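Below you'll find the structure, written out as C-alpha cells, and then a few comments.
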Amino acid sequence: MATNFDPPSFGSPAFEPPRVDPAFAGDATVEISNVSVWFGPKVALSELSCSFGAGVTGLLGPNGAGKTTLMRAMTGLVDVNQGEVRIEGRDPRRERKVHGRMALVPEDEAVPAGLTARQFVHYTADLFRVPDREAPERVLHSVGMLDVADRRVDGFSKGMRQRTKIAAALVTDPQVVVLDEPLNGADPVQRLQLIALFKQLGASGRTVIVSSHVLNEVERMAERMIVLMHGRLAAAGGRHAIRDAMDDRPRHVLVRSDDGRRLAASLVALESVAGVTFDQMRDGLVIQTVQARELATELPRLARDSSIRLHEVRALDDSLESLFRELVR
Amino acid sequence: MTAPTTSQPTPTARRSRSRSRFMAIVIYTWQSCMPPKRWLAILLPCAGALLFGLLARAVDNFPTRERAFANVAAEGIFSLVMPIAALVIGDSVLGAEVRAGTFHFTWLSPTPTWQIVLGRWIGGSVVACITIAPATAIAAFVAGAPSAAGPAYVAAAVGSVSYIALFIAIGCITRRTAAWSLAIVFLVERLLGAALTGIAQLSPTWESRAIFVGYLDDPPQRLIRAGIPQGGDAIIRLAIVAIVALVVANWRMSHMRLSGASD
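Chain order of the listed sequences is E and C.
FYI, this note's numbering numbers position 243 of the first sequence as 257, with every residue one higher than the one before it.
FYI, this note's numbering numbers position 25 of the second sequence as 1461, with every residue one higher than the one before it.
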C-alpha cells in the first residue's frame, strides 16, 4: 500500500504504473486503467488510473468529483467510454460471475419497496446462493438491525436504510466491498460502530473502498486515500500525507469569544498566526494560519492565560473542497 | 456491531431452506415490484373490464348477448383495458424499478440475465393471469355471455403475457418505459396497426382480439380481419412475439447503464 504523498497527477496513460506511485496498490484487486466516463457533454471521469488493494481505502472528493461514477464503473453498473476496469483481473461488465465477489452499497436512499429488512437480505443471499443460511441473521445483527428486521425497509430512516443495504452487501461475504457514502444518516454511535465494522473488514483482507466528502470521517477508517477532483486524480497516498498536505496549506479559523478585541491583540503575537480580521457577519475573529497544528495547541493556552472564554473555534476551510482547491492549484 | 466473520450468537434464521435464484426473483417481483398503489392501478382496468361487461349487457342492438359482448370486448377490453393493465404490470416488474434505482440490487448479482428477465416476466404474467384475465372472463358473465368467458380469459391472458414481455424489453432499452409503451400501444398498434396488417400481425392488441374471436362459437364477421391469424394460430404468433421480446430484453439487460435514481 502506498504511503507517500505525491503532487497531483492527472491520469497516467501507462497501463503498468510504477510501484512507487501512491495511486496504485501493490496487491491490487481493483484496477482502474485510463478510465473516462461521460454522460452526454458532461465528463464524469477523465483518464483516471488507480488501483485498490486489501484494506480500507478512502475515496475522497467534493460533490461532483466523480466518486459515485467511479464506484458505478468499478461494479459494472456504468460502462466506461474509454479505458478498462478490472476486478480480480476480470471485466465486471462482461463477466457477471465477478459480481459474486463484490458488493456495492449505493449512496441513494432507494430501497426495494414492500420488503422487510429480513426479506431484502434473504433475497440477496438467494441471488448469490449463499450456502450459510444463518448468514442473513448474522449480518443483520452485525449492523444492529436484527430487532427491526421484520419492518419494511421503505419505512426506515436514511441511516437504517444504509445499514440494511450494508447488511445485504455483507451477506454475500464479498472480497471487494464498495461503499458510497455509507455513513450518511447514521447517528454518532452508529458511525463509530460502522467505522469499526469497515476497519474489521479491511483488516480481514478484503478490499474496502469507502467514499466520502468528509475527510475526518474517512481518515478514521482508511489508511490510504484516493482524492478525486473534477473526475481526475487529484492526490493519492496515506492518510497522514493527505492530512499533512492539508495542514501545510493556508487556512482560516473562526474564533468566537467573550472578548474578541483582547483576543485579537494576543493572537497577533503568535508565530502560527499570519493575520487576524474581525468578521462582522459571523461575529467573530478570522485567523489566517499556515501552522494549523501549532495554532490548535496555542489558542486554548492563550485563552486560558488571558482568561478569555472561547465560544466557538471552527475551521472555515476545513472542507475537502478547500484542500482540493489547494491540491490542484 | 461486528464484522460478519466474527459474529455473535444470533437468533435462528426464520427461513432455513434456500430458494433458487429464479424463484427468488419471481417472489421478489410479487413482493417488491407490486406495491399496493400498483395493485390499485392494475385493479382499476379490471374494474373497467367489468364495466364494459355491464355495457354489453345494456346494449340491445345485437341479435345475441355473445355478439354484444364480442363487439364491446373487442373495442373496449382488448383494445383499451387489457393493454393498460399489462402496461402497469410490465412497467412495475422492471421499468419502475430501474427508474427508482433499486434494480441494481438484482443486477449486481452473479445471476444470469436470462434468469432475471424470465423471472420478472413470469412474475408479471402470473399477476396478469389472476387479475385482468379473470376480470375479462367475469365481464363475459356480467354481459350475460358465459360461453365467451373461456375465449375471453385465454385471449386476455395471452395478450397480457406477450405485452408484459414487450414492456420488459422496452424497460431494458429506455428509462421512459411508460411513455414508450403508451406510444407503441396507441400510436403504433392502434393507429398504424388499424391500417397496416403487417403491424397488426405482430400486435398483442390485434392478435388477442383474433384469439378471442377465433374461439367464439358465433363470432361477428366484422371482427374477423383478413390476413390476421385467428384462434390457436394467433396464440402461436403472440408466443413468438413474446419470445423475441424476451431475447431482446436479455441482450439489452447485459448492456444496461444503471446510473441510479438520482441521475
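Cβ coordinates follow ideal geometry from the N, Cα and C atoms, glycine included.
Note that the coordinates shown come from a computational prediction; the quantities given were computed from them, not determined experimentally.
Give the residues of chain C in contact with residue i, contact being defined as C-beta atoms less than 9 angstroms apart.
i      : result
E:G54  : By Cβ distance, chain C contributes nothing, its closest Cβ being about 11 angstroms from E:G54, past 9 angstroms.
E:D293 : Those do not exist, as E:D293 stays about 35 angstroms from chain C at its closest Cβ, beyond 9 angstroms.
E:V119 : Ordered by position in chain C, no residue passes the 9 angstroms Cβ test against E:V119, which lies about 10 angstroms from the chain.
E:D201 : Near E:D201 there are no residues of chain C at all, since even the closest Cβ is about 13 angstroms away, more than 9 angstroms.
Suppose you measure from the CA of residue i to the CA of residue j; what does that come to, to the nearest Å?
i       : j       : result
C:C1469 : C:I1478 : 12 angstroms
E:V222  : C:A1591 : 53 angstroms
C:V1578 : C:A1584 : 11 angstroms
C:S1690 : C:D1654 : 47 angstroms
E:Q133  : E:D164  : 8 angstroms
C:A1662 : C:L1618 : 26 angstroms
C:I1679 : C:L1659 : 27 angstroms
C:A1485 : C:A1510 : 11 angstroms
E:A329  : E:M235  : 22 angstroms
E:A68   : C:I1604 : 39 angstroms
C:P1665 : C:L1623 : 22 angstroms
E:A39   : E:E231  : 22 angstroms
E:L208  : C:T1613 : 38 angstroms
C:V1529 : C:F1541 : 14 angstroms
E:G25   : C:A1631 : Here the model assigns E:G25 a pLDDT of 40, short of 50, so the residue's position is not dependable, and the following value carries that caveat. Taking the straight line from one Cα to the other gives about 57 angstroms.
C:A1439 : E:N198  : In this prediction, C:A1439 has a pLDDT of 46, which is less than 50 and means its spatial position is unreliable; nothing more can be read from the coordinates.
C:I1525 : C:P1570 : 15 angstroms
E:G173  : E:D201  : 7 angstroms
C:T1547 : E:A117  : 14 angstroms
E:F142  : E:L247  : 33 angstroms
E:V190  : E:H266  : 39 angstroms
E:P21   : E:A306  : For E:P21, the pLDDT reaches just 38, beneath the cut-off of 50, and the residue's location in the model is therefore unreliable, although a value from the coordinates is still provided. Those two C-alpha atoms are separated by around 21 angstroms.
C:S1644 : C:F1514 : 7 angstroms
E:L324  : E:A249  : 35 angstroms
C:A1593 : C:A1522 : 10 angstroms
E:H136  : E:R152  : 11 angstroms
E:T311  : E:A288  : 16 angstroms
C:W1721 : E:R238  : Residue 1721 of chain C cannot be examined here, being either before or after the span of chain C that is shown, 1437 to 1699.
E:D161  : C:L1602 : 42 angstroms
C:A1646 : E:G97   : 52 angstroms
C:W1702 : C:G1607 : Because chain C spans 1437 through 1699 in this model, residue 1702 of chain C falls outside it and cannot be assessed.
E:V282  : E:R100  : 54 angstroms
C:R1474 : E:D105  : 37 angstroms
E:T17   : E:H254  : Low per-residue confidence applies at E:T17: pLDDT is 35, beneath 50, and the placement is therefore not dependable, though the value from the model is reported in the following sentence. Rounded to the nearest angstrom, the two C-alpha atoms are 8 angstroms apart.
Name the chain C residues whose beta carbon is nearer than 7 angstroms to that of residue i?
i      : result
E:T71  : Simply none; closest approach about 17 angstroms.
E:R125 : Strictly speaking, residue 125 of chain E in this sequence is Val, with Arg absent from that position. Those are T1538, listed as they occur along chain C.
E:G274 : None at all; the shortest Cβ gap to chain C is about 43 angstroms.
Between residue i and residue j, which are expected to be in contact by the criterion C-beta below 8 angstroms, what is the C-beta distance as a whole number of angstroms?
i       : j       : result
C:P1640 : C:L1674 : 6 angstroms
E:V51   : E:V94   : 5 angstroms
E:R326  : E:L268  : Looking at the sequence shown, residue 326 of chain E is not Arg but Glu. About 7 angstroms; that satisfies the 8 angstroms criterion.
E:M159  : E:A181  : 6 angstroms
E:G219  : E:P36   : About 21 angstroms separates the two Cβ atoms, so there is no contact after all.
C:I1600 : C:S1561 : 6 angstroms
E:E195  : E:S156  : Actually they do not touch by this definition, with Cβ atoms about 19 angstroms apart.
C:E1502 : C:L1652 : 7 angstroms
E:G274  : E:L309  : The Cβ separation is near 16 angstroms, so there is no contact.
E:L73   : E:I322  : Not confirmed; about 41 angstroms, so no contact.
E:S286  : E:T303  : 5 angstroms
Kindly list, in the order they appear in chain E, the residues whose Cβ is closer than 8 angstroms to that of residue i.
i       : result
C:S1695 : F53, R86, L91 and V92
C:P1548 : R110
Give the interface partners of residue i over in chain C, defined as CB-CB distance under 8 angstroms, in chain order.
i      : result
E:T347 : Not covered by the structure: residue 347 of chain E. The range shown for chain E is 15 to 343.
E:F7   : Outside the displayed span of chain E (15 to 343) sits residue 7 of chain E, for which this structure offers no information.
E:Q189 : Result: empty, since nearest Cβ-Cβ is about 12 angstroms, beyond 8 angstroms.
E:H113 : L1544, S1545 and P1546
E:L129 : Y1464, Q1467 and S1468
E:Q133 : Q1467
Taking only beta-carbon atoms, is residue i less than 7 angstroms away from chain D?
i       : result
C:A1536 : No chain D is present in this structure, whose protein chains are E and C.
Mind listing which residues of the stretch 78 to 100 of chain E have their C-beta closer than 8 angstroms to chain C's C-betas, in chain order?
T82, R86, T89, G90, L91, V92 and D93
Positions along the stretch 1517 to 1539 of chain C whose CB lies within less than 7 angstroms of some CB in chain E
A1536, G1537 and T1538
Which residues, in order along the stretch 1575 to 1600 of chain C, keep a beta-carbon less than 7 angstroms from a beta-carbon of chain E?
none
Give, in chain order, every residue of the stretch 1451 to 1483 of chain C whose Cβ lies closer than 7 angstroms to some Cβ of chain E.
R1451, S1452, S1454, R1455, R1457, A1460, Y1464, Q1467, S1468 and P1471
Is the stretch 56 to 64 of chain E close to the stretch 37 to 47 of chain E, with three or more CB pairs under 8 angstroms?
yes
Residues of the stretch 208 to 225 of chain E whose Cβ lies closer than 8 angstroms to any Cβ of chain C, in chain order
L208, A210, L211, Q214, L215 and S218
Quick check: the stretch 79 to 91 of chain E against the stretch 1518 to 1525 of chain C, are there 3 or more CB pairs under 8 angstroms?
no
Name the residues in the stretch 146 to 170 of chain E whose C-beta lies less than 9 angstroms from a C-beta of chain C; which are they?
R147, E148, A149, P150, E151, R152, V153, L154, H155, S156, V157, G158, L160, A163, D164 and D168
Taking 8 angstroms as the threshold, find out whether the stretch 1460 to 1474 of chain C comes into contact with the stretch 1536 to 1554 of chain C through three or more Cβ pairs.
yes
Is it true that the stretch 281 to 296 of chain E meets the stretch 106 to 122 of chain E, where meeting means three or more beta-carbon pairs spaced less than 8 angstroms apart?
no
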